[in-house]
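Written out below as structure tokens is the structure these notes cover.
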Amino acid sequence: MSLFQHLFGRNRSEQYFIAIDVGSHAAVRSILFSENAHDRISLQKQHFELPRRDAHADIAPLVGEYLGRILFQYVKSIRAVPVQIVVGLGSSFAASDVRTVRRERPKPESAVEPKELRGILDGFMQTEAEQTINGEKHALAHLMPFQVTLDGYPIHAVSAETSGRVLEMQIFVTYVPSALWARLAGLRTLFGGIPIRFISNQAAIAAAMITLMNVSDAALVKIGARVTEVTLLAGGGVPLTGGFARGGDDITRAIAERLKSSDADAERIKRQLGTTELRADTLANVTGVVAGAVEQWLTDLVQFFKDNQRTILPDRVYLYGGGASLALLRQAITAKAWYHDLTFRERLTSALLVAEDIPGLKFRNAVSPVRGPEEVALAALIHRASH
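Reminder that position 88 of the sequence shown reads as 88 in the UniProt record's numbering, one-by-one numbering, no gaps.
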């Protein structure tokens with residue numbers, strides 16, 4: 001029992017949870033909520049923008065310091081240790097990949113046992129605990145199995161009849177730069193020991209789409225500030241995750257250069273496009289450059305699929321993240337047949353994914369504390385924290 005558990009006790013009918021989204025580069029969203037037999041209640045929610053830095057070595061101390069501070073505030077306010085704390089990491093802070101581990105069974109006629117599946121995960125953690133990515137050492141922060149096949153056929157449970165020769169497990173793995181991971185893992189020692197799990201935001205969202213929304217085939221596209229993250233779902237598995245360095249900030253920068261304005265003013269104008277009536281001269285000045293920036297983003301998206309796609313492109317595309325709020329971008333991906341080089345399909349459907357789409361995200365509060373395309377990751381993390 002930790003120090004705070006000893007001081008404050010654990011025999012409460014109300015349980016507390018914390019979900020934190022350390023998103024694309026600088027935005028940190030967090031929520032403290034409680035659950036009892038009947039209700040889920042939002043107690044506190046915070047949105048904080050970290051100072052912009054270009055290198056992990058510069059941002060790591062800031063992330064660690066802020067997370068420690070917000071955890072202290074939340075724990076102090078409830079005078080209790082949360083049952084679970086889940087921290088989701090965006091691509092600015094973590095490198096994610098999908099690995100397929102193959103194991104030939106020495107006795108294919110025998111039934112598959114759960115310990116064989118655990119053995120695959122344990123073996124991966126032992127042999128792949130560290131990786132060098134782009135010349136920088138990374139530590140394994142999280143792994144999540146998405147699909148298991150036996151002789152090429154998906155299995156969802158094991159029984160006495162589940163036998164075969166070759167087991168394959170599709171694993172979503174998340175690595176964090178070692179310097180940052182040392183600070184993040186150190187948070188577990190706060191207050192004498194608190195339960196913290198770290199997970200890729202993309203993994204959390206993919207799992208929510210498959211298990212909660214029954215979406216087994218789709219392209220999930222998160223348009224962040226500097227990076228666009230892409231995850232493919234296929235047959236209930238995740239064959240691909242990755243991204244490319246272009247996002248909403250590139251559109252903001254194009255507007256700022258065209259108007260010779262500050263980034264703050266350009267960001268305000270960008271967010272008003274398609275939703276608010278701008279002055280005619282302002283609209284005329286920015287429409288062309290925004291269309292050009294959106295076209296470049298779409299070109300990069302197509303190139304990402306060409307470089308990485310190993311399965312048929314699904315017929316549904318979900319857009320989320322702050323950049324997905326831009327009406328002109330959503331219109332471009334809907335109106336243009338950008339996918340013809342990638343699939344034989346005549347038509348792809350695209351939709352805006354918002355936090356409210358995640359099933360089970362109900363609070364007793366009159367207004368839901370988690371809303372919009374920017375908070376999809378936080379919604380998925382709330383589900384993982386309380387399950």
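Glycine included, each C-beta is placed from N, C-alpha and C at the ideal position. Note that the structure is predicted; figures quoted are calculated from it, not measured.
{"query": "Same chain, Cβ closer than 7 Å to F124, five either side skipped, listed in chain order", "result": "V101, L143 and I171"}
{"query": "Assigned exposure category for S96 - 16 Cβ within 10 Å defines buried", "result": "buried"}
{"query": "N-terminal and C-terminal residue of the alpha helix (DSSP H) that K306 is part of", "result": "A280 to N308"}
{"query": "Of the residues I70, L232 and G248, the one placed nearest R226, counting alpha carbons only", "result": "G248"}
{"query": "Span of the beta strand (DSSP E) around P145", "result": "E136 to L150"}
{"query": "CA-to-CA distance, A80 to G9, given in whole angstroms", "result": "Confidence at G9 is low in this model, with a pLDDT of 46, below 50, so its placement is unreliable and the value that follows should be read with caution. Their Cα atoms are separated by approximately 7 Å."}
{"query": "Through-space distance from A293 to S216, alpha-carbon basis", "result": "31 Å"}
{"query": "Top-ranked residue by Cα proximity to G360, from Y175, M209, S350 and D315", "result": "M209"}
{"query": "Cutoff 7 Å; reference N11; Cβ partners in own chain excluding five residues on either side", "result": "Confidence at N11 is low in this model, with a pLDDT of 48, below 50, so its placement is unreliable and the value that follows should be read with caution. If we look at N11 and ignore the five residues flanking it on each side, it has no Cβ neighbours."}
{"query": "Cα-Cα separation between E135 and E109, rounded to whole angstroms", "result": "For clarity, residue 135 is Gly in the given sequence; the question names Glu instead. So the alpha carbons of these two residues sit roughly 44 Å apart."}
{"query": "Alpha helix (DSSP H) segment containing H383, residue limits", "result": "V376 to A385"}
{"query": "F344 to W338 span [Cα, whole Å]", "result": "12 Å"}
{"query": "Coarse secondary structure for D249, derived from DSSP in three states", "result": "helix"}
{"query": "Segments assigned beta strand (DSSP E), at least 3 residues, entirely inside the segment 217-251", "result": "218-223, 228-234 and 237-244"}
{"query": "Environment of N201 [buried if 16+ CB atoms lie within 10 Å]", "result": "buried"}
{"query": "Per-residue burial, K76 [other beta carbons within 10 Å of its own, 16 or more giving buried]", "result": "exposed"}
{"query": "Distance CB(residue 392)-CB(I223) smaller than 8 Å", "result": "Not covered by the structure: residue 392. The range shown for the chain is 1 to 387."}
{"query": "Inter-residue spacing [alpha-carbon to alpha-carbon] between I269 and L233", "result": "34 Å"}
{"query": "P154: first and last residue of the uninterrupted beta strand (DSSP E) it sits in", "result": "Y153 to I155"}
{"query": "Top-ranked residue by Cα proximity to A218, from P314, Q46, L329 and G243", "result": "P314"}
{"query": "Exposure label - V367; buried when at least 16 CB within 10 Å", "result": "exposed"}
{"query": "Length of the line joining the Cα atoms of A380 and N308", "result": "26 Å"}
{"query": "Cβ-based neighbour list, R384, same chain, cut-off 6 Å, excluding 5 preceding and 5 following", "result": "V86 and A204"}
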